[in-house]
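K.L.:
To convert, take the position in the sequence shown, counting from 1, and add 1332; that gives the working numbering. Handing you a structure now.
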Amino acid sequence: MATLDDIDLDFSKEDWQDLVDSIIILVAGAAGEEEYSSAYLFVREAEEQQSLIEDGHYASAVIRQSTFYERLLTVNVVDKLEEMNERELYGAEEGFIANLGHRNRIQLAHLLGVVDQRERDILLDMAGWRNTVAHEWWYVAERENKEELCDIATTVVNLLCESLEELFEEADDDSVLNALDEPELDE
């Protein structure tokens, strides 16, 4: 079983927890309830991805990361197109974007400026490894490609951490709250 000592993560456990706590507190204070819920879910998603990596479940991490970014890019591409066109997209337009292949969605996100060249390259690499894992025997794919899967999973979770760090840097320091609980779900 891999541990943080075995993996070259850019964030130590202590740094990661400090970052998570700070981001949640700042975003909760600076954003409305909907944005807070999204930020909370993003931070928790990053924690889950990092936990899979720490436990040596690299194939699972890559599948999870691919699913996460597939949905995130769909939402961000739709938002960008709505902003560019100054109108909401209708169902068929949103459906077209949702039905794009993952690699095509990544390319479209890059063309629209949703992700930069570096992010595009990382996400395309992740999508390729996701396909490798998904179309081979899981155990064999992970055993034969352990180092590569560890590298891409670590790179992708660090990409998410970088995005969260940027959010932290952009947050208003005056918005810091003293205490924070998980968001309450409407019943």
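In this text, a Cβ means the ideal position worked out from N, Cα and C, and glycines have one as well. Here the structure is a predicted model, which is why all the values come from computation and not from measurement.
So the candidates are 1380, 1442, 1480; which of them puts its Cα closest to the Cα of residue 1462?
P.N.:
Cα-wise, what sits closest to residue 1462 is 1480.
K.L.:
Are the beta-carbon atoms belonging to residue 1446 and residue 1426 less than 8 Å from one another?
P.N.:
no
K.L.:
Have a look at residue 1499 and residue 1474 and give me their C-alpha separation to the nearest angstrom.
P.N.:
33 Å
K.L.:
Whole angstroms is fine: what's the gap from residue 1501's alpha carbon to residue 1495's?
P.N.:
10 Å
K.L.:
Once DSSP output is grouped into helix, strand and coil, what is the label at residue 1499?
P.N.:
helix
K.L.:
Reducing DSSP to helix, strand and coil, say where residue 1444 ends up.
P.N.:
Reduced to three states, the DSSP call for residue 1444 is coil.
K.L.:
Please report the straight-line C-alpha distance between residue 1373 and residue 1432, rounded to a whole angstrom.
P.N.:
24 Å
K.L.:
What's the call for residue 1455, buried or exposed, on a 16-neighbour Cβ count within 10 Å?
P.N.:
buried
K.L.:
From 1488, 1485, 1391, pick the residue whose C-alpha is nearest to that of residue 1470; which is it?
P.N.:
1391
K.L.:
Just checking, does the segment 1413-1421 make contact with the segment 1385-1403 on the three C-beta pairs under 8 Å criterion?
P.N.:
no
K.L.:
Taking the beta carbon of residue 1437 as the centre, do at least 16 other beta carbons fall within 10 Å, making it buried, or is it exposed?
P.N.:
buried
K.L.:
Using three-state DSSP, classify residue 1469 as helix, strand or coil.
P.N.:
coil
K.L.:
Which residue wins for smallest C-alpha separation from residue 1397, given the options 1497, 1466, 1476, 1449?
P.N.:
It is 1466.
K.L.:
Give the DSSP-derived three-state secondary structure of residue 1453 in the structure shown.
P.N.:
helix
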